[in-house]
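**Q** Going by my numbering, the sequence shown wraps up at 733, each residue one higher than the last.
All C-beta atoms in this analysis are idealised placements derived from N, C-alpha and C, irrespective of residue type, glycine included.
A quick note: this is a predicted structure, and the numbers were derived from the prediction, not measured.
One structure coming up, written as structure tokens, with questions to follow.
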Amino acid sequence: MGRIHVLSETVANQIAAGEVVERPASVVKEMLENSLDAGATRIKISVEAGGKKLIQITDNGCGMVRDDAMLAFERHATSKIKNAEDLLSVATLGFRGEALPSIASVSRLRLETQAAEEASGTVIEINGGKIARVEEAGLPLGTSITVRDLFFNVPARKKFLKAESTELSHIASLVTHYALAHPEKHFELHSAANAMLVAPPVAGYSERVYQVFGKETLDQLIPVAARQALERVGLPQPPPWRRKEVDDDGEQIVAQDPGEMRIHGFVSKPEIQKLNRNSIFVFVNGRLIRDRLLQHALTEAYRNIIPPSVYPVVLLFLEMPAAEVDVNVHPSKTEVRFRQQSAMHDFVRDSVRAALMKARPVPQFMTEIHAHATASQSLTPGSLTPGAPSWDPADGAGAASEELNSAHSAHVARNGAPTGVTFSGGFTLQAPVPPPISQRFQFEGGIAVEANAAIPVARGTEYAPLRPGVDAIPDNGCAPALDVGGEEPTLSSLGTLKPLGQIRNSFILAVNEDGLWIVDQHVAHERVLFERILKQRAAQKVESQRLLMPIVLELSPAQQAVFTEISDELQHNGFEVEPFGARSVAVKIAPAGVDAAAVEHMLHELLDQFSREEQSLNLEKIRARIAASIACHAAIKVNMPLELNKMEWLLAELAKTDHPMSCPHGRPVVLRYSVKDIQKAFKRI
Ligand code: ADP
Ligand code: MG
């Protein structure tokens, strides 16, 4: 007898569950997506014990008729696609028909559903993949699914679940982000008796950010909005003379409009720096995804604005025609593949970059987004960082708890009940190294409470679900319409700064109507020189100086390789470097302002930097690096006394730069202590 047999349906489902259902948050994700696909405008989620004991999701979507409800638990049963062709243009979040049978095979599941087309509703109970009960019942329109005892029959899986608080924080963050993606819908998340998130419909995306995270977070974000026509879609078009105007049935053939890519959302100001990518959330056609290409585009957008080792906070929504993106890449649907990868990459990079340049925000003394997002781990198996944030109402530590606390307080505040939750948010003097006095500058939180109390909410507004790639995105959220109070000083006010003096011959202290400013003299000058060099380079007019004695450098093989690659560009930047023997080069001319003594060090550093680079070099990157390096070595150093007129000159030059808030390496240049901050610190307001 042969040894091969076909696995039973239950085993097959459990295997699928291994991929689709990693943890409670994955169950929530699948069911949330189903509710959204069903056109729900109100979605309520309740969990117990971090979702390990119970997850219940109730929606007011289209519901299912009895036959469909039965079929929904069959493997590969879906209402969303019919054939392989449909896979090319999936407009729903689900399409694999795997989630419900998978979840049902590893839990005790109860489905209650009522469709408008049928007189009575249907209740189905399934335990570990086996149908236990099917009956009729009078139910409200929509669907409610209760999942109890996840992994009760897969002990190996159950063992891998983390602490309840960790699982709960994954769920909370996931729900929060879906709520951010759908401001026109009502979302609720409850854990046992706690209302963690109650978000009635609001008018737009920034209102939603305000509603969920509060004013402070919104203040730290810059809106992004852009669109770009796609040039080509599908196969290359035949030349016009070979194109048929009419098809075989005599119907007029209309040239297909390739459509466009659109992006909107928020990115953080440069002073917000996160140590990992957990606060980067990107939705593609309504789907929360992780994508290396887009991560790279974001890193590029922030290049020379924040240091390479830190990450911004990002909430971006990308929309494009469904045919432009393959969503069938991974069972949990958290990865996609773009058809026009580089177009997408550059579009994201350039839109974010443009938004950052336009906003030219003034860095304040470093503030942290307290309400930052944490769900990402749930979407990347195995990436859970040790010491993941915990949810404990009594414990204000951990970013997730603060996020949840804010959401929680927001809700409770609206309902007038005492919160019992204390959290300290707000402004913390953090840069440079906090002096001992910093404790006194720690302001009390409460932002979310007041923010939420003040926000007008448009209750009961019904919206048709946004069909990704089809309907226009409501970009009402992108221009922050909210009066967030207080003028945000732009850097043109740098021009009015009066220098007072230096701290330790390194930091310039200056004042104007906006408050007190501290400028790092070295990085300020670096920024000025960096932009000047780039401009001179573009005009082929970099200033240089002939060295009294040529400087001979010995290069390692790796350095030699890089040198060959960038020698042209070095020349355009004011260097004259010639081969000198087998492994050496002689520098005869160097850019103006760089000390002869620094030239050797600078070139070695530059060549090493390039040789460590993993990504391939492009000209723009090479230029920026060289300019940054020259700027760094030519700039005024710290520990250098400056006369008042020098300081005035430097501030005036800085005010003229395009991007005065950070040095080419991404460090902040100026810190501002606003009048409001000062008044707050003195407890005047
Ligand atoms: P998929 O979402 O990939 O189609 P699922 O297993 O998640 O597969 O769901 C199977 C089907 O059950 C869906 O195609 C949909 O028709 C139906 N369904 C699931 N959840 C809901 C819901 N909340 N409301 C209405 N229909 C639902
Ligand atoms: Mg689904």
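Report yes if the C-beta of Glu-735 is less than 7 Å from at least one heavy atom of the ligand ADP; otherwise report no.
**A** The chain is shown only over 49 to 733; residue 735 falls outside these bounds and no answer can be derived.
**Q** Would you mind sorting Asn-687 into buried or exposed? The rule is 16 or more other CB atoms within 10 Å of its CB.
**A** Stepping through the sequence shown from its first residue, residue 687 is reached at position 639. By the C-beta density criterion, Asn-687 is exposed, having fewer than 16 other C-beta atoms within 10 angstroms.
**Q** Under a Cβ-count criterion, where at least 16 other Cβ atoms within 10 Å of its own Cβ denotes burial, should Lys-233 be classed as buried or exposed?
**A** For the purposes of this step, residue 233 is taken as the residue at position 185 of the sequence shown. Buried.
**Q** Starting from Val-600, trace the beta strand (DSSP E) in both directions and tell me its first and last residue.
**A** Position 552 of the sequence shown, counting from 1, holds the residue named residue 600. Counting along the chain, the beta strand (DSSP E) containing Val-600 begins and ends at 592–602.
**Q** List the endpoints of the continuous alpha helix (DSSP H) containing Ala-676.
**A** In the sequence shown, counting from the first residue as 1, residue 676 sits at position 628. Segment 667–682, the alpha helix (DSSP H) holding Ala-676.
**Q** Suppose you measure from the CA of Leu-719 to the CA of Ile-733; what does that come to, to the nearest Å?
**A** The sequence position of residue 719 within the sequence shown is 671, counting from 1. The sequence position of residue 733 within the sequence shown is 685, counting from 1. Each residue's alpha carbon lies about 22 Å from the other.
**Q** List the endpoints of the continuous beta strand (DSSP E) containing Ile-174.
**A** Taking the sequence shown and counting its residues from 1, the one referred to as residue 174 is at position 126. Element bounds for Ile-174: 169–175.
**Q** By how many angstroms is the C-alpha of Gly-169 removed from the C-alpha of Leu-245?
**A** As a working mapping, residue 245 is identified with position 197 in the sequence shown. As a working mapping, residue 169 is identified with position 121 in the sequence shown. One C-alpha to the other measures close to 29 Å.
**Q** Tell me the DSSP secondary structure of Phe-730 in three-state form.
**A** The residue given as residue 730 occupies position 682 in the sequence shown. Coil at Phe-730, not helix or strand.
**Q** Is Asn-131 near the ligand ADP - that is, is its Cβ less than 7 Å away from at least one heavy atom of it?
**A** Indexing the sequence shown from 1 puts residue 131 at position 83. Not so, every heavy atom of the ligand ADP lies at least 7 Å from the Cβ.
**Q** Can you check DSSP and say which residues form a bridge with Phe-329?
**A** As a working note, residue 329 is residue 281 in the sequence shown. According to DSSP, which records beta bridges pairwise, Phe-329 is partnered with Leu-363.
**Q** Could you give the distance in angstroms between the alpha-carbon of Ser-253 and the alpha-carbon of Asn-333?
**A** By 1-based counting over the sequence shown, the position of residue 253 is 205. By 1-based counting over the sequence shown, the position of residue 333 is 285. For clarity, residue 253 is Tyr in the given sequence; the question names Ser instead. Rounded to whole angstroms, Tyr-253 to Asn-333 spans 15 Å at the Cα level.
**Q** Distance, Cα to Cα, His-53 vs Lys-669?
**A** Reading the sequence shown from its first residue, position 5 is the one you call residue 53. Reading the sequence shown from its first residue, position 621 is the one you call residue 669. In a straight line, the C-alpha of His-53 is about 57 Å away from that of Lys-669.
**Q** Go ahead and pull the three-state DSSP assignment for Ala-243.
**A** Working through the sequence shown from its first residue, we reach residue 243 at position 195. Ala-243: strand per DSSP, three-state reduction.
**Q** Taking the beta carbon of Arg-181 as the centre, do at least 16 other beta carbons fall within 10 Å, making it buried, or is it exposed?
**A** Looking up residue 181 in the sequence shown gives position 133. Exposed.
**Q** Compare the Cα-Cα distances from Gln-162 to each of Ala-139, Arg-205, Asp-115, Val-95 and report the closest residue.
**A** Counting from one through the sequence shown, the residue named residue 162 turns up at place 114. Closest option to Gln-162, Cα to Cα, is Asp-115.
**Q** Taking all protein chains shown into account, do 16 or more other C-beta atoms lie within 10 angstroms of the C-beta of Leu-102, making it buried, or fewer, making it exposed?
**A** Here residue 102 corresponds to residue number 54 of the sequence shown, with the count starting at 1. Burial call: buried.
**Q** Could you check what DSSP says for Phe-314 in three-state terms: helix, strand or coil?
**A** Locating residue 314 in the sequence shown gives position 266, counting from the first residue. Residue state, collapsed to three classes: strand.
**Q** Please look up how many angstroms separate the CB atoms of Glu-212 and Gly-98, rounded, as I've assumed it's under 8 Å.
**A** In the sequence shown, counting from the first residue as 1, residue 212 sits at position 164. In the sequence shown, counting from the first residue as 1, residue 98 sits at position 50. The pair is a contact, with the Cβ atoms about 3 Å apart (cut-off 8 Å).
**Q** Does the Cβ-Cβ distance between Leu-341 and Met-392 come in under 8 Å?
**A** Position 293 of the sequence shown, counting from 1, holds the residue named residue 341. Position 344 of the sequence shown, counting from 1, holds the residue named residue 392. For Leu-341 and Met-392, yes; Cβs fall inside 8 Å.
**Q** Arg-158 to Ile-129, Cα distance in whole Å?
**A** As a working mapping, residue 158 is identified with position 110 in the sequence shown. As a working mapping, residue 129 is identified with position 81 in the sequence shown. Here the C-alpha atom of Arg-158 lies approximately 25 Å from the C-alpha atom of Ile-129.
**Q** Given that a residue counts as buried once 16 or more other Cβ atoms are within 10 Å of its Cβ, and exposed if not, what is Val-68?
**A** Here residue 68 is taken as the residue at index 20 of the sequence shown, counted from 1. With 16 or more other Cβ atoms within 10 Å, it is buried.
**Q** Determine the direct distance from the alpha carbon of Val-373 to that of Asn-82, and round the result to whole angstroms.
**A** Counting from one through the sequence shown, the residue named residue 82 turns up at place 34. Counting from one through the sequence shown, the residue named residue 373 turns up at place 325. Straight-line Cα distance between these residues: approximately 20 Å.
**Q** Could you check whether the Cβ of Ile-311 sits closer than 8 Å to any Cβ belonging to chain D?
**A** Of the chains in the structure shown, none is chain D; there is only one protein chain.
**Q** Using the C-alpha atoms, what's the distance from Leu-577 back to Ser-94?
**A** Here residue 94 refers to the residue found at position 46 of the sequence shown. Here residue 577 refers to the residue found at position 529 of the sequence shown. Their backbone Cα atoms lie some 56 Å apart in a straight line.
**Q** With DSSP run on the structure shown, which of helix, strand or coil describes Val-567?
**A** Translated into positions along the sequence shown, residue 567 becomes position 519. Val-567 falls in the strand class under three-state DSSP.
**Q** Between the Cα of Gly-111 and the Cα atoms of Ser-127, Lys-100, Arg-123, Glu-653, which residue gives the shortest distance?
**A** Start at 1 with the first residue of the sequence shown, and residue 111 comes out as number 63. When each option's Cα is compared against that of Gly-111, the closest is Ser-127.
**Q** So what does DSSP say about Gly-714, is it helix, strand or coil?
**A** Residue mapping note: residue 714 aligns to position 666 of the sequence shown, counting from 1. Coil.
**Q** Would you kindly check if the distance between the Cβ of Ile-678 and the Cβ of Ile-581 is under 8 Å?
**A** If you number the sequence shown from 1, residue 581 lands on position 533. If you number the sequence shown from 1, residue 678 lands on position 630. Going by C-beta atoms, Ile-581 is nearer than 8 Å to Ile-678.
**Q** In terms of residues, what are the limits of the alpha helix (DSSP H) holding Asp-134?
**A** Here the question's residue 134 lines up with position 86 in the sequence shown. First-last for Asp-134: undefined, no H or E at that position.
**Q** CB-CB under 8 Å to Gln-389, same chain, minus the five flanking residues each way: which ones, in chain order?
**A** Residue mapping note: residue 389 aligns to position 341 of the sequence shown, counting from 1. Leu-341, listed in sequence order.
**Q** Comparing the CB of Thr-194 with every heavy atom of the ligand ADP, is any distance shorter than 7 Å?
**A** Translated into positions along the sequence shown, residue 194 becomes position 146. No, the Cβ of Thr-194 stays beyond 7 Å of every heavy atom of the ligand ADP.
**Q** Can you tell me whether Phe-623 is helix, strand or coil according to DSSP?
**A** As a position in the sequence shown, residue 623 is number 575, starting the count at 1. In this structure, Phe-623 counts as coil in the three-state DSSP scheme.
**Q** Can you tell me whether Thr-382 is buried or exposed, with buried defined as 16 or more other CB within 10 angstroms of its CB?
**A** Against the sequence shown, residue 382 aligns to sequence position 334. Answer is buried; the Cβ neighbour count reaches 16.
**Q** In chain order, what residues of the same chain lie with their CB nearer than 8 Å to the CB of His-238, ignoring the 5 residues before and after it?
**A** For the purposes of this step, residue 238 is identified with residue 190 of the sequence shown, where counting begins at 1. Contacts found: Lys-92, Ile-93, Ser-94, Val-95, Met-244.
**Q** Between the segment 312–328 and the segment 358–365, can you find at least three pairs of beta-carbon atoms closer than 8 Å?
**A** yes
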